[in-house]
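Chains as they are written, first to last, in the numbering used here: chain A, 74 to 163; chain B, 9 to 170. Cβ coordinates follow ideal geometry from the N, Cα and C atoms, glycine included. All values reported here derive from a predicted model rather than from experimental measurement. Data block below; observations after.
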């Protein structure tokens, strides 16, 4: 039991150190390496899509295909739940 | 799962319309304020789930029939078909691209007003097909999530030997 505890502490330390170093390596918030796409969307959203909400403009217009996949996932989940639970009565 | 006390039933019945209105507001203003079809649909479905928990699945399943579930799933399919249909309409009108926003900045049509650039007061009559897609996705999410909750409540009822 003691060896298991020691092994657990060692594994926890390794994982914790890994996460802490990863967190320290992150670059500062709000300063992306490549900002071309962000700048384009921020500058042109209002005139191209007519939406004041840039997030909706990205989700439904610029990246609409991604939203289609998301909706398909939801549809598949609902279909699976129906297949599982529909005919339960004896 | 049986129903809760009369207090809970009354309060949730009073709150339910406000939750629904708030969710529909989030859907309808998806192109202006934070939120959209998915988020507003989740809000409305949460209100429906609250009613389901308050009244209990035994009472609810006594009221509901098989065809109500079919209607629910038909509504979900209508939402999905509306969404992908609007996407395919982009192949017919305008510059003929999938997901082309063919209604934007066309003054004659609904949601076609030109938006003022910069930080201006929001006009709900803008953004072309984005509000229509928000409505379609909202309908789909409401029906889909409520269907999931309903069927799981149905399964719980049977497990408790009723």
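Asked	Found
CA nearest to the CA of residue 121 of chain A, picked from B:69, B:22, B:124	B:124
Three or more C-beta pairs below 8 Å linking the stretch 120-136 of chain B and the stretch 17-32 of chain B	no
Nearest neighbour of residue 106 of chain B, chosen from A:146, A:133, A:150, A:155 [CA to CA]	A:133
Inter-residue spacing [alpha-carbon to alpha-carbon] between residue 163 of chain A and residue 65 of chain B	Note that residue 163 of chain A scores 42 on pLDDT, short of 50, meaning its location in the model is unreliable; the coordinates nonetheless yield the value given after this. Residue 163 of chain A and residue 65 of chain B: Cα-Cα distance of roughly 18 Å.
Option nearest residue 6 of chain B by Cα separation, candidates B:35, B:78, B:151	Outside the displayed range of chain B (9 to 170) lies residue 6 of chain B, so it cannot be described from this structure.
CB contact below 8 Å: residue 159 of chain A versus chain B	yes
Nearest residue (CA-CA) to residue 18 of chain B, options B:60, B:50, B:114	B:60
Residues that residue 41 of chain B contacts on chain A, provided the C-beta gap is smaller than 7 Å	126
Rounded separation between residue 95 of chain B and residue 74 of chain B - CA only	32 Å
Own chain partners of residue 90 of chain B with C-beta closer than 6 Å, once the 5 adjacent residues on each side are dropped	144
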